[in-house]
Every structure is written in structure tokens, then in C-alpha cells.
Amino acid sequence: MPELPEVETVVRTVAPRLMGRRIVAANFSSRFVTPGNRAVLAARLAGRRVENVRRRGKFIVIGLDQGTLAVHLGMTGRLLVSGQPGEHTYGVFTLDEGQILYDDPRQFGKIEWSAGPPKRVARLGPEPLEVGLDEFRKRLKRRARIKPLLLNQTFLAGLGNIYADESLFRAGIHPLASAARLSAPRAGRLHQAIRETLSEAIALGGSSVSDYVDANGERGWFQVQHRVYGREGEPCRVCGTRIRRIVVAQRGTHFCPKCQRR
4 MPELPEVETV VRTVAPRLMG RRIVAANFSS RFVTPGNRAV LAARLAGRRV ENVRRRGKFI
64 VIGLDQGTLA VHLGMTGRLL VSGQPGEHTY GVFTLDEGQI LYDDPRQFGK IEWSAGPPKR
124 VARLGPEPLE VGLDEFRKRL KRRARIKPLL LNQTFLAGLG NIYADESLFR AGIHPLASAA
184 RLSAPRAGRL HQAIRETLSE AIALGGSSVS DYVDANGERG WFQVQHRVYG REGEPCRVCG
244 TRIRRIVVAQ RGTHFCPKCQ RR
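Structure (C-alpha cells):
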């Protein structure tokens with residue numbers, strides 16, 4: 004699933020093609036529309052001008068001159084600024100100049116129009132790159148294991164499996180550690196690790212471990228710098244211990260048993 008760095012990269016590459024453009028027509032699969040009346044959505048979008056494009060958590064938020072669109076890419080969704088509709092194209096924005104395609108092989112993505120702020124977006128926690136250390140420490144005081152807490156979008160918005168694993172490794176914290184019992188220094192290291200990991204990933208266009216490409220069809224490159232994610236059985240780049248994989252919160256979780264002692 005595209006996480007914060009991937010969605011941020013999509014926003015940066017799709018925004019120049021959307022900003023200031025008028026939507027001439029919009030055609031979507033009902034599976035992509037929430038609620039699923041594509042005719043109503045098409046009518047609401049026709050003639051609307053795009054005023055801004057931003058990211059909030061894992062959502063692409065498109066501000067119109069009337070209403071707001073919230074797009075979630077699901078597992079394999081892609082917004083593309085070039086090419087022709089294909090087998091997995093489930094949405095087309097026809098603009099007064101060009102078009103934007105929505106491709107989604109697994110069809111888990113969603114688009115929702117709202118008159119005001121999107122409700123699903125309003126429920127999100129703070130942005131990981133914006134939350135201060137004091138607020139971060141306060142939010143850790145929950146009865147939860149740290150890995151599931153990092154995946155909770157009401158705790159922080161945008162972290163997913165890849166960047167939770169990578170951040171915990173950099174901070175030297177076991178994924179099953181109690182969030183509430185983290186010492187102040189360890190909480191500080193995790194706060195810094197999250198910021199550094201996400202910033203580096205954005206700079207490299209995100210991680211292309213499956214279908215992800217940006218709006219120009221370009222792959223990200225942060226996957227070559229993964230220290231634990233997807234490296235089960237390989238030696239830790241710090242200590243040489245074999246990277247382990249366990250299941251936490253129904254997610255495959257990668258960590259170094261030596262660098263991240265429980």
C-alpha cells in the first residue's frame with residue numbers, strides 16, 4: 004500500500020497537471036466511488052476547477068471551487084498523467100488540458116466527494132513530519148504495542164508497514180515493545196527516526212516494492228536503502244544478525260533481534 008512518502012510523491016507529480024485545470028468530465032467505476040453512485044459524482048465534478056492538491060496522511064486531497072475530493076490509492080492504485088486507458092483503468096479525469104488516469108489492478112482504492120472537509124480525513128491523527136516531540140510523547144501513553152500503534156492512523160497519519168518497520172529499526176525498538184513504557188530518550192529516538200526515514204524516502208520518490216509508480220510512471224528508489232523491511236534472512240547492515248520476520252497486527256513485521264532487543 005502506498006504510504007506517506009509514496010502519496011507525497013504522487014501529489015508532487017500530479018499537482019502541476021491538475022492545479023488550475025477545469026474538469027470537463029469524470030468517469031469512474033462504481034467500485035472506486037464512495038458512496039458508489041458514479042453518475043452523481045460525475046455530475047458534481049463536471050465544470051469544477053481544481054484549486055489545490057495536497058496530501059493528508061495517505062489521502063490525496065483535491066480542493067475544487069465547489070467541494071473536495073479525497074482519493075485513497077488502496078493497495079495498488081496509481082494516478083497517471085500520461086498514457087491511454089488500459090485493462091486496469093477504473094477512472095478518468097478529462098481536463099480542459101489533458102487527462103488523469105486512475106489505474107488499480109486490485110481495485111481497493113476509493114474516491115469520495117464532500118461539500119466540506121472529508122470526514123475520513125478529519126479523523127486522522129497529526130502528520131509525522133509536523134508533530135512535535137512533546138505531543139508525540141503524550142500520544143505514546145496508550146496501552147498498545149508500538150508497531151500496531153504506529154499503524155493506527157488516528158495516532159499518526161501516513162505511516163504504514165514499511166516505514167513503521169524502518170523507523171523502529173533506526174530507533175532500536177522492538178516492534179512488540181509497550182508504547183506507554185518507552186523511556187523519554189527512546190521516545191525521542193523514535194520521533195527522530197520517523198522524521199528522518201520519511202524525509203529520506205520522500206527525497207528518493209518513495210519505495211517501489213510492488214506496483215507503485217509516481218504520476219509520471221517513475222519508480223521510487225528508497226527500497227534499495229531498506230534496512231529491515233523485506234530482508235528476512237539477510238544480514239543486518241549494522242550487526243550482521245539475520246533479519247527476522249514475525250506477524251504483528253496481522254502484518255508481516257521485519258526487525259533485527261540484536262539491534263532491537265525486546
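With my numbering applied, the sequence shown covers 4 to 265. Glycine included, each C-beta is placed from N, C-alpha and C at the ideal position.
Please confirm whether residue i and residue j have their CB atoms less than 9 Å apart.
i: residue 166; j: residue 7; result: yes
i: residue 180; j: residue 97; result: no
i: residue 116; j: residue 21; result: no
i: residue 128; j: residue 159; result: yes
i: residue 260; j: residue 240; result: no
i: residue 185; j: residue 176; result: yes
i: residue 182; j: residue 136; result: no
i: residue 168; j: residue 12; result: no
Roughly how many angstroms lie between the CA atoms of residue i and residue j, to the nearest whole one?
i: residue 93; j: residue 195; result: 39 Å
i: residue 124; j: residue 69; result: 18 Å
i: residue 87; j: residue 247; result: 42 Å
i: residue 2; j: residue 120; result: In the structure as shown, the chain begins at 4 and stops at 265. Residue 2 is therefore absent and cannot be evaluated.
i: residue 78; j: residue 108; result: 9 Å
i: residue 151; j: residue 257; result: 13 Å
i: residue 267; j: residue 230; result: In the structure displayed, the chain extends from 4 to 265; residue 267 sits before or after that span and is not available.
i: residue 114; j: residue 36; result: 5 Å
i: residue 252; j: residue 101; result: 42 Å
Measure the beta-carbon distance from residue i to residue j and round it to whole angstroms, keeping in mind my assumption that it falls under 8 Å.
i: residue 149; j: residue 171; result: 7 Å
i: residue 220; j: residue 4; result: Between residue 4 and residue 220 the Cβ distance is about 19 Å, and since that is not below 8 Å, they are no contact.
i: residue 62; j: residue 49; result: Their Cβ separation, rounded to whole angstroms, is 23 Å, which puts residue 62 and residue 49 out of contact at 8 Å.
i: residue 84; j: residue 103; result: 6 Å
i: residue 213; j: residue 222; result: Residue 213 to residue 222, Cβ: 11 Å. No contact.
i: residue 40; j: residue 95; result: Residue 40 to residue 95, Cβ: 17 Å. No contact.
Quick check on the burial criterion: 16 or more other C-beta atoms within 10 angstroms. Buried or exposed for residue i?
i: residue 141; result: exposed
i: residue 53; result: buried
i: residue 99; result: exposed
Please check if any C-beta of chain B sits within less than 9 Å of the C-beta of residue i.
i: residue 190; result: In the structure shown, chain B cannot be found, because there is only a single protein chain.
Which runs of the beta strand (DSSP E) at least 3 residues long sit entirely within the segment 68-119? Give them in chain order.
71-75, 81-83, 92-98, 102-106, 113-117
Which ranges does the alpha helix (DSSP H) cover as unbroken runs of at least 4 residues, wholly within the segment 15-57, from first to last along the chain?
41-48
Of all the alpha helix (DSSP H) runs that stay within the bounds of the segment 138-206, which reach a length of 4 or more residues?
149-154, 164-174, 187-206
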